[in-house]
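Reviewing the structure listed below.
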Amino acid sequence: MPDNILEILLEKIINNWKKVYGAILGFIVGLTVINYGILKAIVVFAFAFIGYKLGDSSFTGGIKKIILKRLKED
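For the sequence shown, the numbering used here assigns the number 48 to the initial residue and increments by one for each residue that follows.
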């Protein structure tokens with residue numbers, strides 16, 4: 048029997064972090080669809096994605112450059 052089961056479990060989670068992340072994400076998506084329905088869930092995830100993109104500094108910097116470029120054209 049292993050000495051420290053928690054240590055082995057954490058090692059497996061660290062080595063398979065993509066699978067764990069996918070399982071957690073799938074669980075959250077499933078709960079959202081069950082609680083709100085498919086259309087409301089799509090709206091929730093669309094706004095979450097928009098918020099994620101707006102929080103990205105490279106995306107926000109690109110938007111600022113595009114807006115300034117268009118304002119200078121006039």
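Where is the CB? At the ideal position from N, CA and C, for every residue including glycine. Predicted, not measured: the structure shown is a model, and the values here were computed from it.
If you draw a straight line from the alpha carbon of residue i to that of residue j, how long is it in whole angstroms?
i    : j   : result
K112 : Y99 : 19 Å
G102 : I55 : 36 Å
K119 : L86 : 40 Å
W64  : A70 : 10 Å
V67  : G73 : 10 Å
Using C-beta distances below 7 Å, list every residue in its chain close to residue i, excluding the 5 sequence neighbours before and after it, in chain order.
i   : result
T79 : A88, V91
Tell me which residue opens and which closes the alpha helix (DSSP H) that residue i is part of.
i   : result
N63 : Segment: none, N63 is in no alpha helix (DSSP H) and carries neither H nor E.
G84 : No alpha helix (DSSP H) contains G84, which DSSP labels as neither H nor E.
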